[in-house]
Amino acid sequence: MYEFEMPFLVDAHLDLSMNAMEWNRDLRLPISVLNRREMGMDDKPDRGRATVTFEELRKGHIGLVVATQIARYVAPESPLPGWYSPEQAWAQTQAQLAWYKAMEADGQMTMIKTKTDLDQHLMLWSSEEKIEDKPIGYLLSLEGADSLVDLSYLDVAYDYGLRAIGPAHYGPGRYANGTDSSGKLNEEGIQLLQKMERLGMILDATHLNDDAFWDAMSRYNGAIWASHNNCRKFVDHNRQFSDEMIKILVEKQAVIGVALDAWMMVPNWVRGKSDPKSSNCSMEIMANNIDHICQLAGNVSHVGVGSDLDGAFGREQCPYDLETIADIQKVFGLLAKRGYTAEDLERIASKNWLNFMRNVLPA
Ligand SMILES: [Zn+2]
Numbered sequence: 004m005y006e007f008e009m010p011f012l013v014d015a016h017l018d019l020s021m022n023a024m025e026w027n028r029d030l031r032l033p034i035s036v037l038n039r040r041e042m043g044m045d046d047k048p049d050r051g052r053a054t055v056t057f058e059e060l061r062k063g064h065i066g067l068v069v070a071t072q073i074a075r076y077v078a079p080e081s082p083l084p085g086w087y088s089p090e091q092a093w094a095q096t097q098a099q100l101a102w103y104k105a106m107e108a109d110g111q112m113t114m115i116k117t118k119t120d121l122d123q124h125l126m127l128w129s130s131e132e133k134i135e136d137k138p139i140g141y142l143l144s145l146e147g148a149d150s151l152v153d154l155s156y157l158d159v160a161y162d163y164g165l166r167a168i169g170p171a172h173y174g175p176g177r178y179a180n181g182t183d184s185s186g187k188l189n190e191e192g193i194q195l196l197q198k199m200e201r202l203g204m205i206l207d208a209t210h211l212n213d214d215a216f217w218d219a220m221s222r223y224n225g226a227i228w229a230s231h232n233n234c235r236k237f238v239d240h241n242r243q244f245s246d247e248m249i250k251i252l253v254e255k256q257a258v259i260g261v262a263l264d265a266w267m268m269v270p271n272w273v274r275g276k277s278d279p280k281s282s283n284c285s286m287e288i289m290a291n292n293i294d295h296i297c298q299l300a301g302n303v304s305h306v307g308v309g310s311d312l313d314g315a316f317g318r319e320q321c322p323y324d325l326e327t328i329a330d331i332q333k334v335f336g337l338l339a340k341r342g343y344t345a346e347d348l349e350r351i352a353s354k355n356w357l358n359f360m361r362n363v364l365p366a
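Every letter in the sequence shown is one number past the one before it in my numbering, and letter 324, counting from 1, is 327.
Following this line, the structure appears as structure tokens:
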């Protein structure tokens, strides 16, 4: 099926524990069994159409992921789903952490907190050990910082292994406003960034609204990545990066993870109505986004994969030629046809993220 050996792949954005705790998915099941169990359910848009399980990750040689904790706080007038107090949001993230720990105890996952963890994990994945016995490594990231009740909670989170934070998600946030909103970082957001910088944490620029994005770029001196973001050139929406945003990220030595959510891939997508096939949403579009970032950067060093494939959507809202997350590997064949070398592809598949992590993680 593949013209070259499947590279080791890093996916820099999955909401695995959200799927376990809110979707009630046991990711140890085969994908067909997991989806069959959801037949007839309509409480979530992607019921019965999941693309992510541990088995599918292993099939796609995705041995390392950035996995989130995610819980939004919502004020009384907010139309968004979320928790009614920051303390409840915090408690939700702790349930998510408890699930990751239970998956570690079961041999399915292993947390990457340090350079040593990372090197040992990569050694295990390059060993002859059977792939079924290899745990999926995960670097813990917080998507939206609302659940940090105050900054003393960040110390607790850093101690249990949190290494990256995207201060914002959709709409207004307690530290920064996100997608579909405006406004620079507020006072709490500025202090959050200062503390993250002192702790040596990664700032995830994904979901910052344009004002907060540029504010953060001018303030943050620590490491910056964008875990799951596509290009505004192809879909003109504030969730996407303009060329100027991509250029400053390149200047800051960031890596940008290209995402597989159909509405970020083809223009005018209507959730629940549009369909991947008739919208021509294919893996070629992922290749277009990767290529555009490489063209702007002038090299292949600033792009990787951040699929978001379990971010509240499934096969109804991702490329039609992707059946499960294992099919991300198809993009490398497409890029090879466009002239990318095996070495380029290895950088995009894993090396860019791995080099970044090696530079940032504590020893
Ligand atoms: Zn997201």
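All C-beta atoms, glycine included, are put in the ideal place defined by N, C-alpha and C.
C234 carries a strand assignment under DSSP once its states are collapsed to helix, strand and coil.
For the pair H172 and R75, the CB atoms are nearer than the 7 Å cut-off. H295 is the residue among C284, E200, D278 and H295 whose C-alpha sits nearest the C-alpha of R235. For E319 and L325, the gap between their C-alpha atoms comes out near 11 Å. Between the segment 332-350 and the segment 115-123, the count of C-beta pairs closer than 8 Å stays below three; the two stretches do not touch.
Put simply, the segment 173-187 touches the segment 75-89. At least three CB pairs are less than 8 Å apart.
It is roughly 47 Å from the alpha-carbon of P365 to the alpha-carbon of S281. Contact between M204 and A167 holds, since their C-beta atoms are separated by about 6 Å, short of 8 Å. Taking C-beta atoms as the reference points, M42 and W102 fail to come closer than 7 Å. Separation of R274 and W266 (C-alpha to C-alpha, rounded to the nearest whole angstrom) is 8 Å. Remark: C-beta atoms of G186 and P170 do not approach each other more closely than 7 Å. Around the beta carbon of S20, a 10 Å sphere encloses 16 or more other beta carbons of the protein chains shown; the residue is thus reported as buried.
In the DSSP annotation of this structure, the continuous segment of the alpha helix (DSSP H) that includes H124 starts and ends at K118 to S129.
With a beta-carbon spacing of about 6 Å, K198 and L157 fall inside the 8 Å limit used to define contacts. Taking a 10 Å sphere around the C-beta of R61, we find 16 or more other C-beta atoms and assign the residue as buried. When DSSP states are grouped into helix, strand and coil, A70 belongs to the strand group. In this structure T344 is exposed. Its beta-carbon is surrounded by fewer than 16 other beta-carbon atoms within 10 angstroms.
From the listed residues L37, R50 and W128, the smallest Cα separation to T56 is found for L37.
The continuous alpha helix (DSSP H) containing D213 extends over residues D213 to R222. The continuous beta strand (DSSP E) containing V308 extends over residues V306 to V308. By the neighbour-count criterion, in which a residue is buried when 16 or more other Cβ atoms sit within 10 angstroms of its Cβ, K333 is buried. In this structure, the beta-carbon distance from I73 to L12 does not fall below 7 Å.
Every beta strand (DSSP E) stretch that sits fully inside the segment 277-346 and reaches 3 residues is listed by chain position as 306-308.
With 16 or more neighbouring CB atoms inside 10 Å of its own CB, N232 falls in the buried class. The three-state secondary structure of A98, taken from DSSP, is helix.
Rounded to the nearest angstrom, the gap between the Cα atoms of Y161 and L202 is 8 Å. In the DSSP assignment, D158 falls within the alpha helix (DSSP H) that extends over S155 to Y163.
Residue pairing by DSSP places T113 opposite G140 in a beta bridge.
Separation of L125 and D18 (C-alpha to C-alpha, rounded to the nearest whole angstrom) is 22 Å.
In this chain, the beta strand (DSSP E) harbouring D14 covers L12 to L17. Excluding its 5 nearest sequence neighbours in each direction, N362 has C-beta neighbours in its own chain below 8 Å: A226, listed in chain order.
Any heavy atom of ligand 1 counts here; residues with a Cβ closer than 7 Å to one of them, in chain order, are H16, E146, H172, T209, H210, H231, D311 and G314. When secondary structure is reduced to three states using DSSP, W86 falls in the strand class. Here G110 is exposed: its Cβ has fewer than 16 other Cβ atoms, across all protein chains shown, within 10 Å. By the C-beta density criterion, G314 is buried, having at least 16 other C-beta atoms within 10 angstroms.
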